[in-house]
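Residue numbers (the UniProt record's numbering): 1 to 278.
Right, here's the structure in full:
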């Protein structure tokens, strides 16, 4: 489920007027029999229930979206974007299959002033999932809606955004150019040297997280298989601590992480931190 939101601007509120004292004569309450009272209460209850049901909002499928459903919480007053328009949105992304586990939100990504950074993309570029495209291109500027995106309109490959952070990490802020990145790296090496440390290159074969952990724990990266085995054991024994952070069937995840060459993620790193190695 993905929710997109745009903050509304509150208008000025006029000061309240001074109330005048008015005396109103109230007639005595009518005398009702027990039967009349029960009928009156039942009627009021029925009318109230009917009004609630009539006002209950419902999701509606967006035409031509492949099954994407939307519920407008606030109608926008601006224009509807067209293909090739650049749009900026705020959203919360949750996985319905994992009890609403929130995997991403623009409100988690702040700029240098501490304000949340909107997600900006071009409609029709193919850089975002189809479900997000369908949801946004039928909205008006200033609108707020809740969207249910089926798997067929969700994440088909790791080049589409926005996606769960354990698949492809999101980048906060601007990506530095090559020259700035080189300078930053050289500065890091100088700082490491100040503390008598050095950069150690880890083989990028899918076991790099476990090699790095093995190097820190046993001073030997070749012990990565032992570290992986211990991490998987930790995940098995304390399933309830980690299952909520895994965006897939937990048994499938464990089977996947058992395989040598499978990239570790933030869950395996946390499990390693929780595990006692001997």
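We put the CB at the ideal spot given by N, CA and C, even for glycine. Just so it is clear, the structure is predicted and the values come from calculations on it, not from any experiment.
| query | Under 7 angstroms from any heavy atom of the ligand NAP, does the C-beta of residue 233 make it? | reply | With respect to small molecules bound, the structure shown includes none, and the ligand NAP cannot be examined in it.
| Top-ranked residue by Cα proximity to residue 213, from 150, 245, 129 and 271 | Checking every option, the nearest Cα to that of residue 213 belongs to 271.
| said: In whole angstroms, give me the CA-to-CA distance for residue 164 and residue 104. | reply: Confidence in residue 164 is poor, its pLDDT being 43 and thus under 50, which makes the residue's placement too unreliable to answer from.
| field | Alpha-carbon to alpha-carbon, residue 251 and residue 206 | value | Distance between the alpha carbons of residue 206 and residue 251 is about 20 angstroms.
| Looking only at its own chain, which residues have a Cβ that is under 7 angstroms from the Cβ of residue 246, when we skip the five neighbours before and after it? | Cβ within range, chain order: 253 and 267.
| Proximity of residue 131 and residue 149 at Cβ, strictly below 8 angstroms | Yes, these two residues count as a Cβ contact at 8 angstroms.
| said: Nearest by alpha-carbon distance to residue 142: which of 71, 240, 220 and 76 is it? | reply: Comparing Cα-Cα distances from residue 142 to each of 71, 240, 220 and 76, the minimum goes to 76.
| said: DSSP three-state label for residue 5, please. | reply: Bear in mind that the predicted position of residue 5 carries a pLDDT of just 38, short of 50, making it too unreliable to give a figure here.
| request: Apply the 10 Å Cβ neighbour rule to residue 264 and answer buried if 16 or more other Cβ atoms are within range, or exposed otherwise. | output: Around the beta carbon of residue 264, a 10 Å sphere encloses 16 or more other beta carbons of the protein chains shown; the residue is thus reported as buried.
| Ends of the alpha helix (DSSP H) at residue 113? | Residue 113 -> no alpha helix (DSSP H), and no H or E assigned at all.
| Between residue 232 and residue 257, is the Cβ-Cβ spacing less than 8 angstroms? | Yes. Within cutoff.
| task | Mind checking who residue 83 pairs with in its DSSP beta bridge? | result | Per DSSP, none; premise fails for residue 83.
| task | List the endpoints of the continuous alpha helix (DSSP H) containing residue 252. | result | Following the DSSP letters along the chain, one finds residue 252 inside the alpha helix (DSSP H) bounded by residues 250 to 258.
| task | Please classify residue 152: does DSSP put it in a helix, a strand, or coil? | result | When DSSP states are grouped into helix, strand and coil, residue 152 belongs to the helix group.
| field | Residue range of the unbroken beta strand (DSSP E) whose run includes residue 74 | value | Segment 69 to 74, the beta strand (DSSP E) holding residue 74.
| request: Evaluate residue 82 with the Cβ neighbour count: other Cβ atoms within 10 Å of its Cβ, from every protein chain shown; 16 or more gives buried, anything less gives exposed. | output: Here residue 82 is exposed. Its C-beta has fewer than 16 other C-beta atoms within 10 Å.
| request: Look at the alpha carbon of residue 109 and the alpha carbon of residue 116, and state the distance between them as a whole number of angstroms. | output: Taking C-alpha positions only, residue 109 is separated from residue 116 by approximately 6 angstroms.
| request: Would you identify the three-state DSSP class for residue 60, choosing helix, strand or coil? | output: Residue state, collapsed to three classes: strand.
| field | Residue range of the alpha helix (DSSP H) that includes residue 234 | value | From DSSP, the alpha helix (DSSP H) with residue 234 extends over 224 to 237.
| field | Test item: CB-CB of residue 79 and residue 140 under 8 angstroms | value | Annotated as proximal: residue 79 and residue 140, with beta-carbon spacing under 8 angstroms.
| query | If you compare alpha carbons, which of 133, 134, 211 and 118 is closest to residue 262? | reply | Of the listed residues, the one whose Cα sits closest to residue 262 is 211.
| query | Going along the chain, which residues of its own chain have a beta-carbon closer than 6 angstroms to the beta-carbon of residue 153, five neighbours each way excluded? | reply | So the qualifying residues of the chain are 66, 68, 130 and 131.
| request: Pick out whichever of 126, 227, 255 and 59 has its Cα sitting closest to the Cα of residue 273. | output: Closest in alpha carbon position to residue 273, among 126, 227, 255 and 59, is 227.
| field | Presumed contact (8 angstroms Cβ cut-off) between residue 90 and residue 106, rounded CB distance | value | About 5 angstroms separates the two Cβ atoms, so the contact holds.
| residue 157 versus residue 133 - alpha carbon distance | The predicted model places residue 157 with a pLDDT of 49, which falls under 50 and marks its position as unreliable, so this point remains unresolved.
| What's the C-alpha gap between residue 187 and residue 234? | The alpha-carbon atoms of residue 187 and residue 234 are separated by roughly 37 angstroms.
| Bounding residues of the alpha helix (DSSP H) (the contiguous stretch that carries residue 133) | Counted as a single uninterrupted DSSP element, the alpha helix (DSSP H) harbouring residue 133 occupies residues 130 to 137.
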